[in-house]
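Numbering of the sequence shown is given in this note's numbering, commencing with residue 342 and proceeding in unit increments.
The C-beta atom is built at its ideal place from N, Cα and C for all residues, glycine as well.
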Amino acid sequence: MKRIAIIGGTGVYSPDIFKNSKEIEVSTPYGNVTLLESQHSEAIVYFLERHGKNHKLPPHKVNYLANIYALKLLNVERVLATAAVGSLSEKLSPGTFIILDQFIDFTKNRPSTFFDGSNGVVHIDMTEPYCPELRNILIQSCKSLKINFNEKGTYVCTEGPRFETPAEIKMFKILGADVVGMTNFPEVVLAREANLCYATVAMVTNYAAGISKSILTHKEVMDNMASMTENIKKLFLTAIEGIPYARNCNCKNATLELGSLK
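Pasting the structure below:
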């Protein structure tokens with residue numbers, strides 16, 4: 342069977358996405374990880390709450406290494422992730438889905454690699470940070486469901502947990518970012534180091550500072566995310582059905598010439 346994981350971010354805490362799920366715990370060298378396990382469309386599907394139960398972990402405290410390592414131990418091959426984001430453009434309004442194709446890292450203090458020396462030195466290629474095969478499946482699924490979305494976008498990841506200043510947003514726009522968030526890095530890099538296929542659906546919940554005509558609040562993010570929950574459920578269920586058994590991308594060979602995650 343296919344083994345697929347969903348990493349749910351802010352506002353996407355939906356055990357009801359899959360019926361008859363059971364809770365499991367996976368022990369990793371970086372800590373224990375709790376997930377929900379279920380089945381859908383000839384696939385074993387794991388649901389991982391990125392921020393933990395009841396949103397108890399801020400972005401800079403999420404144990405990204407343990408989360409991805411746990412998926413590797415479960416023999417997961419594909420990962421579909423969500424990310425609540427602020428828009429840097431009035432053209433990307435709240436409610437829009439974006440199938441990310443690039444990222445910019447502006448985090449500061451996060452462990453961001455499995456290869457810190459103890460597992461060897463690896464310089465992973467990130468020319469295509471997000472799996473092209475998974476991205477295409479998500480794009481086609483959005484089209485079939487008639488969801489309002491953009492086929493690509495650049496995500497800038499900040500350290501958090503504070504929101505960004507208007508000056509920072511202006512800088513990020515100059516650098517080419519389309520949306521801003523606090524969680525996609527190092528998750529996307531760790532997935533590649535683990536040879537997993539990984540793609541993210543960014544969900545625009547608000548305009549960023551300086552773009553928005555009002556101050557930013559977490560309540561606004563949560564309220565707008567709630568309005569998109571049904572569409573993200575439909576999107577992921579449709580995408581899971583469209584994912585082939587065999588991987589036809591190079592994600593599985595990302596560390597082939599460099600060494601592998603132990």
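Item                                                                                                                      : Value
Same chain, Cβ closer than 8 angstroms to Leu486, five either side skipped, listed in chain order                         : Asn572, Lys575, Leu576, Thr579
Complete alpha helix (DSSP H) runs within the stretch 388 to 459 (minimum length 4 residues, chain order)                 : 405 to 414
Cβ-Cβ distance between Leu475 and Arg419 below 8 angstroms                                                                : yes
Start-to-end residues for the beta strand (DSSP E) that takes in Arg344                                                   : 343 to 349
Cβ neighbours of Thr499 in the same chain (closer than 8 angstroms, five flanking residues each side left out)            : Phe447, Thr448, Glu505, Glu509, Val521, Gly522, Met523
Coil, strand or helix - Met566 by DSSP                                                                                    : helix
Simplified DSSP state of Ser368, which is helix, strand or coil                                                           : strand
Cys498, DSSP secondary structure in three states                                                                          : strand
Ile515 - DSSP class collapsed to helix/strand/coil                                                                        : helix
Span separating the alpha-carbon of Tyr410 from that of Thr423                                                            : 18 angstroms
Cβ-Cβ distance between Lys593 and Asn547 below 8 angstroms                                                                : no
Residues near Met342 by beta carbon distance below 7 angstroms, same chain, minus five either side                        : Glu383, Ala384, Ile385
Per-residue DSSP class, three states only, for Ile385                                                                     : strand
Integer Cβ distance of Ala549 from Gly494, believed to fall under 8 angstroms                                             : Incorrect: roughly 13 angstroms between the Cβ atoms, too far for contact.
Cβ-based burial, His392 [other Cβ within 10 Å; buried from 16]                                                            : buried
Asp457 versus His464 - alpha carbon distance                                                                              : 11 angstroms
Spatial neighbours of Ile488 in its chain, beta-carbon cut-off 7 angstroms, leaving aside the 5 residues before and after : Phe438, Asn572, Leu576
Distance between beta carbons of Phe388 and Leu377, contact taken as under 8 angstroms                                    : 4 angstroms
Inter-residue Cα distance where the pair is Ser428 and Ser553                                                             : 9 angstroms
Cβ distance (whole Å) where Ile345 is taken to contact Leu421 below 8 angstroms                                           : 7 angstroms
Cβ-based burial, Leu479 [other Cβ within 10 Å; buried from 16]                                                            : buried
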